[in-house]
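Written out below as structure tokens is the structure these notes cover.
Numbering (UniProt numbering), first residue to last: 1 to 216.
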């Protein structure tokens with residue numbers, strides 16, 4: 001076990017160094033991102049970092065032709081943000097960071113919120129209370145991850161920048177309807193219609209609750 005943890009730590013440090021190298025450049029050839037993701041796909045599962053390997057594969061599948069040209073920093077951050085977020089999660093909880101290494105009683109929470117600051121606040125809070133957290137700024141990334149990883153609870157911001165949290169809830173429920181996963185909808189909007197709509201989407205499928213910001 002000690003050797004495995006050492007390999008995981010070295011691998012995550014290497015991933016971090018490569019991310020820093022790419023993201024400090026104004027432009028890089030797309031093939032560097034492809035090579036980076038292929039490296040993760042090939043190595044991560046061998047050291048029980050399966051989630052990272054699966055995420056890198058999802059990126060390759062999502063961008064089959066986008067990596068044939070030079071990639072600017074903005075586009076680079078958009079493509080690599082899922083790996084950056086999961087790497088942050090894994091590194092923050094090291095050495096107890098992978099689900100296969102955690103105690104069986106540890107619960108996993110998915111948080112979907114496009115507010116990076118709030119996302120980190122919530123993630124840090126739950127981790128300090130012994131939960132394993134996967135944080136997403138993109139609902140699509142979370143939905144893709146749900147195909148392979150079933151959390152014990154989901155927190156979703158209703159007012160997402162590029163999509164409606166209610167629509168995200170509906171997609172989530174289609175995937176998890178047989179798993180009975182509790183869902184918490186978060187919002188700063190006191191409009192009761194949002195509460196009614198979110199509850200209607202979730203009724204008879206899973207427990208759906210709504211909480212107003214700020215959370216206490």
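Every residue, glycine too, gets a C-beta built ideally from N, C-alpha and C.
Alpha carbons only, please: which of the options is nearest the one belonging to residue i?
{"i": "residue 139", "options": "14, 115 and 125", "result": "115"}
{"i": "residue 26", "options": "44, 73, 34 and 57", "result": "73"}
{"i": "residue 80", "options": "106, 22, 182 and 123", "result": "22"}
{"i": "residue 45", "options": "19, 156 and 7", "result": "7"}
Starting from the C-beta of residue i, find all residues in its chain whose C-beta is less than 7 Å away, skip the five residues before and the five after it, and write them out in chain order.
{"i": "residue 119", "result": "111, 113, 135 and 137"}
{"i": "residue 141", "result": "82"}
{"i": "residue 43", "result": "11"}
{"i": "residue 4", "result": "47 and 48"}
Please report the distance separating the alpha-carbon of residue i from that of residue j.
{"i": "residue 150", "j": "residue 17", "result": "30 Å"}
{"i": "residue 143", "j": "residue 129", "result": "25 Å"}
{"i": "residue 52", "j": "residue 41", "result": "8 Å"}
{"i": "residue 169", "j": "residue 158", "result": "9 Å"}
{"i": "residue 24", "j": "residue 14", "result": "16 Å"}
{"i": "residue 126", "j": "residue 28", "result": "36 Å"}
{"i": "residue 107", "j": "residue 124", "result": "14 Å"}
{"i": "residue 98", "j": "residue 121", "result": "Only weak support exists for where residue 98 lies, its pLDDT of 43 falling under 50; the value from the coordinates is given anyway. Computed Cα separation, rounded: 21 Å."}
{"i": "residue 76", "j": "residue 85", "result": "14 Å"}
{"i": "residue 117", "j": "residue 78", "result": "17 Å"}
{"i": "residue 71", "j": "residue 50", "result": "27 Å"}
{"i": "residue 62", "j": "residue 30", "result": "14 Å"}
{"i": "residue 186", "j": "residue 39", "result": "37 Å"}
Thinking C-beta only, is residue j closer than 9 Å to residue i?
{"i": "residue 184", "j": "residue 146", "result": "no"}
{"i": "residue 181", "j": "residue 152", "result": "yes"}
Ignore the nearest five residues each way along the sequence and tell me which others in residue i's own chain have a CB closer than 6 Å to its CB.
{"i": "residue 171", "result": "143"}
{"i": "residue 60", "result": "37"}
{"i": "residue 57", "result": "41"}
Excluding sequence positions up to five away, which residues of its chain have a Cβ less than 8 Å from the Cβ of residue i?
{"i": "residue 160", "result": "112, 113, 114, 139 and 168"}
{"i": "residue 20", "result": "none"}
{"i": "residue 109", "result": "126, 131, 132, 133, 134, 151, 152, 153, 154 and 155"}
**Message:** If contact is defined by three or more beta carbon pairs under 8 Å, each pair taking one atom from either stretch, is the region 130-148 in contact with the region 80-91?
**Reply:** yes
**Request:** Flag this pair as touching only if the region 29-48 and the region 61-76 have three or more C-beta atom pairs under 8 Å; answer yes or no.
**Result:** yes
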